[in-house]
Structure formats: structure tokens, C-alpha cells
Amino acid sequence: MYVCMCYGVTDKAIMQAVEDHGAGNLRELREVMEIGSQCGKCISMTQQIIDSTIIDESLFREVC
Ligand code: FES
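Residue numbers (the numbering used here): 120 to 183.
Pasting the structure below:
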């Protein structure tokens, strides 16, 4: 689904950036993609996706 309509960024693209580039917050995510700097409506959802992706990754690592 689209999270940032202004830049056309999807939740999958955010998750991929967290996994590939280790982005842990919006500032780090902005180093690899344009997001959240137009209207700002997507900022809270973006941070939630970053947080849940990090939690999912850490759970996966503990199992393996
Ligand atoms: S929806 Fe992301 S900056 Fe507007």
C-alpha cells in the first residue's frame, strides 16, 4: 500500500530500505529515499513501519 502519496512510496519500499540500508528512523530513511518532506501526513505511519520491520527482523534473528 502507498504510505507517502506525495512521493509514491509504498510500505514494501520502506521495509526494503530498512533491511537493505539499516534505516532506523525517518532521518536515516530520507538518506536513501524521498519521503515525508512535502505534506508530512505520512511521517507517523512511516515510523511505525520502520519500528515494526526492525522488530520483525530481530525476532527472525533470534529464531535462526
Ligand atoms: S504523504 Fe508523505 S509527504 Fe505527503
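A virtual CB, placed ideally from N, CA and C, is assigned to each residue, including glycine. Remember, it's a predicted structure, so these values are computed and weren't measured experimentally.
What's the C-alpha gap between residue i and residue j?
i: valine 128; j: isoleucine 154; result: 7 Å
i: methionine 164; j: valine 122; result: 7 Å
i: methionine 134; j: serine 156; result: 19 Å
Strictly under 8 Å for the Cβ-Cβ distance: is residue i near chain C by that measure?
i: isoleucine 133; result: Of the chains in the structure shown, none is chain C; there is only one protein chain.
Given a threshold of 16 other Cβ atoms within 10 Å of its Cβ, counted over all protein chains shown, does residue i qualify as buried or as exposed?
i: leucine 178; result: exposed
i: cysteine 158; result: exposed
i: isoleucine 169; result: buried
Taking 7 Å as the line, does the beta carbon of residue i fall inside it for any heavy atom of the ligand FAD?
i: glutamate 153; result: With respect to the ligand FAD, the structure offers nothing, as its ligand set consists of the ligand FES.
With C-beta atoms as the reference, is residue i less than 8 Å away from residue j?
i: glutamate 147; j: threonine 172; result: no
i: asparagine 144; j: glutamine 167; result: no
Could you check if residue i belongs to the surroundings of the ligand FES, using beta carbon to heavy atom distance under 7 Å?
i: cysteine 168; result: For clarity, residue 168 is isoleucine in the given sequence; the question names cysteine instead. Because no heavy atom of the ligand FES lies under 7 Å away, the Cβ of isoleucine 168 does not count as near it: no.
i: isoleucine 154; result: yes
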